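Peer 1: Each number in our numbering corresponds to the 1-based position in the sequence shown with 1000 added.
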Amino acid sequence: MLSTQELSDIAKRVVHHSLEIKRGEKVLIDIEGEAEEFSNQLMIEIYHAGAYPFLKSTRVSNLKKLIAGATKESLNLWLRHEQYKAEGMDAYIGIKAEENIFEYNDIPRDQYQLYQQNFSQPLQLDYLGKNKWILMRYPTKGMAQLAKLGSEELRTIFYQSCTMDYKKLSENVKPLKERLSKSKTVTVTSPDTDFTFSIQHMDSFMCDGRYNLPDGEIFTAPIRDSVNGVIHFNCPTSFQGYVLEDVRFEFVDGKIASYQGNDRDLLKRILETDDGASYIGEFGIGLNPFITKPMNNILFDEKMSGSLHLAIGQAFPMANNGNKSAIHLDFVLNQQSSHGGGSLYFDKELIRKDGIFIPKDLKNLNGVKGI
């Protein structure tokens, strides 16, 4: 799907911009699925930086067998083994090449949750505790089908959105970040959505290709108990091999008071994970001009221009509202006119209308001209 030169360009971006790999550093490349040529280019670039690549490559069919027969004891043993190997690494590159997001659906939910809670989640927290890490989704035919795109269109979106000028985007976002820091309230209106919360004194963080590729969002978090109103998400969200669609939350004083969606049982199970799962841990605004339509992949959709997203559960340390949870699950609202439109206000100022930024100093965030 991607040429050797394109993969080399992206590998250079990962090694030199995202991770800023230095001579002598040890870098773990962790691949789930098939991404052989990309891993080759990453190893070449890591060696060019004078650093040392380490490769962990897991076939999905093998992983399924490991999960299906696992016990809590075996998962704890496996976790300690992987943690020992990861301990000496200076940087982490996590890549998923998903041909079929429903691949794990034939594993009972309770068994998959056992794997998530006792292996996958704690190991990823260890990886993300390092100073240098990045998570990526590698384009596949399955991803193209899920996004309802041709392979060539997906290739173009992936390449352009990974290799865009993130330094320029970060510069263009400064006026938006300044507005966030000065504002007290955020209001979101769209069809079946009227939603408000306080961000007074909350930090914000610009995502400019350091921790994800593709990237391009700015996020903060609501004051935990300030969230009120209704929000109806118009993009699907995948969770552990299941797709949640048409999700609607009603909030009262920060907490989800009622919920609707295509799979209420799954939503109920998610929200009952712990107390923090019913509160918001993140509010983000999508800014990547090369991602313009939903792709049913959260690492792309949350960066989509004209979108915003909320995550229930754990807050990030960069914008910490104190919410704690074992989960962090994003839901996306596309406010482009093609998806019903909508408005975003900071205090009473209209910031974005139907996905287009209105204030003059934010115009460079509309389209690719400012990048």
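Glycine included, C-beta positions come from ideal geometry on N, C-alpha and C. On a predicted model such as this, the values are computed, not experimentally measured, just so you know.
#1: Report yes or no: do three or more beta-carbon pairs, one from the stretch 1219–1228 and one from the stretch 1291–1299, lie closer than 8 Å?
#2: Out of Gly1286, Cys1162, Phe1251, Arg1155, point me to the one whose CA is closest to Phe1195's CA.
#3: For Arg1248, collect the residues of the same chain with a Cβ closer than 8 Å to its Cβ; drop the 5 residues on either side in sequence, then sort them by chain order.
#4: Which residue from Ala1277, Ile1356, Leu1267, Ile1280 puts its Cα closest to that of Thr1292?
#5: In its own chain, which residues sit with a C-beta less than 8 Å from the C-beta of Leu1079, not counting the 5 before and 5 after it?
#6: Is the stretch 1315–1325 close to the stretch 1337–1351, with three or more CB pairs under 8 Å?
#7: What's the C-alpha gap between Asn1366 and Gln1335?
#8: Any idea if Leu1125 is buried or exposed, counting beta-carbon neighbours within 10 angstroms, 16 or more meaning buried?
#9: Going straight from the alpha carbon of Val1173 to that of Phe1205, what length do you get?
#10: Over the uninterrupted beta strand (DSSP E) stretch that includes Leu1365, give me the two end residues.
#11: Whose C-alpha, out of Ile1270, Lys1363, Gln1200, is nearest the C-alpha of Arg1109?
#12: Inspect the beta-carbon positions of Lys1064 and Ile1107 and report whether they are closer than 8 Å.
#13: Between the stretch 1004–1016 and the stretch 1065–1085, are three or more C-beta pairs nearer than 8 Å?
#14: Per DSSP, what kind of secondary structure is Ser1343 in: helix, strand or coil?
#15: Around the C-beta of Glu1102, are 16 or more other C-beta atoms found within 10 angstroms, so that it is buried, or is it exposed?
#16: Can you round the beta-carbon distance between Tyr1166 and Gly1209 to whole angstroms, since I take them to be within the 8 Å contact cut?
#17: Closer than 8 Å is the cut-off here; do at least three beta carbon pairs connect the stretch 1046–1063 with the stretch 1024–1036?
#18: How long is the line joining the alpha carbons of Gly1241 and Tyr1104, rounded to whole angstroms?
#19: Do Leu1308 and Gly1340 have their C-beta atoms within less than 8 Å of each other?
#20: Which value, in whole angstroms, describes the spacing of the CA atoms of Lys1085 and Ile1093?
#21: Give the range of the beta strand (DSSP E) segment to which Glu1217 is assigned.
#22: With distances taken from CA atoms, which of Leu1154, Gly1216, Tyr1138 is nearest Gln1145?
#23: Report buried or exposed for Glu1272, applying the criterion of at least 16 other Cβ atoms within 10 angstroms of its Cβ.
#24: Restricting to Cα atoms, I'd like to know which of Glu1098, Glu1073, Gln1083, Gln1041 is closest to Thr1058.
Peer 2: Reading from the atomic positions:
#1: no
#2: Here residue 1195 refers to the residue found at position 195 when the sequence shown is read from its first residue. If we check each option's Cα against that of Phe1195, Phe1251 comes out closest.
#3: Numbered from its first residue, the sequence shown carries residue 1248 at position 248. Result list for Arg1248: Asp1192, Val1230, Ile1231, His1232, Phe1233, Tyr1259, Gln1260, Gly1261, in chain order.
#4: Here residue 1292 refers to the residue found at position 292 when the sequence shown is read from its first residue. It is Ile1356.
#5: Position 79 of the sequence shown, counted from the first residue, corresponds to residue 1079. Counting only Cβ-Cβ distances below 8 Å, and skipping sequence neighbours, we find Asn1118, Phe1119, Pro1122, Leu1123.
#6: no
#7: Here residue 1366 refers to the residue found at position 366 of the sequence shown. Here residue 1335 refers to the residue found at position 335 of the sequence shown. Spanning the two alpha carbons is a distance of roughly 13 Å.
#8: Along the sequence shown, read from residue 1 onward, the residue named residue 1125 stands at position 125. Exposed, by the Cβ-count rule.
#9: Sequence index remark: in the sequence shown, residue 1173 carries index 173 (1-based). Sequence index remark: in the sequence shown, residue 1205 carries index 205 (1-based). Those two C-alpha atoms are separated by around 10 Å.
#10: The residue given as residue 1365 occupies position 365 in the sequence shown. Premise fails: Leu1365 is in no beta strand (DSSP E) and is neither H nor E.
#11: Residue 1109 sits at position 109 when you count from the first residue of the sequence shown. Nearest of Ile1270, Lys1363, Gln1200 to Arg1109, Cα basis: Ile1270.
#12: Within the sequence shown, numbered from 1, the residue matching residue 1064 stands at position 64. Within the sequence shown, numbered from 1, the residue matching residue 1107 stands at position 107. Yes; because the gap between Cβ atoms is below 8 Å, this pair is in contact.
#13: no
#14: Indexing the sequence shown from 1 puts residue 1343 at position 343. Three-state DSSP puts Ser1343 in a strand.
#15: Position 102 of the sequence shown holds residue 1102. The sequence shown places Phe at residue 1102, rather than the Glu named in the question. Exposed, because fewer than 16 other Cβ atoms sit within 10 Å of the Cβ of Phe1102.
#16: Taking the first residue of the sequence shown as position 1, residue 1166 is located at position 166. Taking the first residue of the sequence shown as position 1, residue 1209 is located at position 209. About 4 Å separates the two Cβ atoms, so the contact holds.
#17: yes
#18: In the sequence shown, residue 1241 corresponds to position 241, counting from 1. In the sequence shown, residue 1104 corresponds to position 104, counting from 1. Looking at the two C-alpha atoms, the distance is approximately 6 Å.
#19: Within the sequence shown, residue 1308 is the residue found at index 308, counting from 1. Within the sequence shown, residue 1340 is the residue found at index 340, counting from 1. No. Outside cutoff.
#20: Here residue 1085 refers to the residue found at position 85 of the sequence shown. Here residue 1093 refers to the residue found at position 93 of the sequence shown. Going by the C-alpha atoms only, they are around 14 Å apart.
#21: Position 217 of the sequence shown, counted from the start, is the residue given in the question as residue 1217. Note, Glu1217: beta strand (DSSP E), 1217–1220.
#22: Position 145 of the sequence shown holds residue 1145. Comparing Cα-Cα distances from Gln1145 to each of Leu1154, Gly1216, Tyr1138, the minimum goes to Leu1154.
#23: For the purposes of this step, residue 1272 is identified with residue 272 of the sequence shown, where counting begins at 1. Glu1272 is exposed by the Cβ-count criterion.
#24: Against the sequence shown, residue 1058 aligns to sequence position 58. Residue Glu1098 is the option with its Cα nearest to Thr1058.
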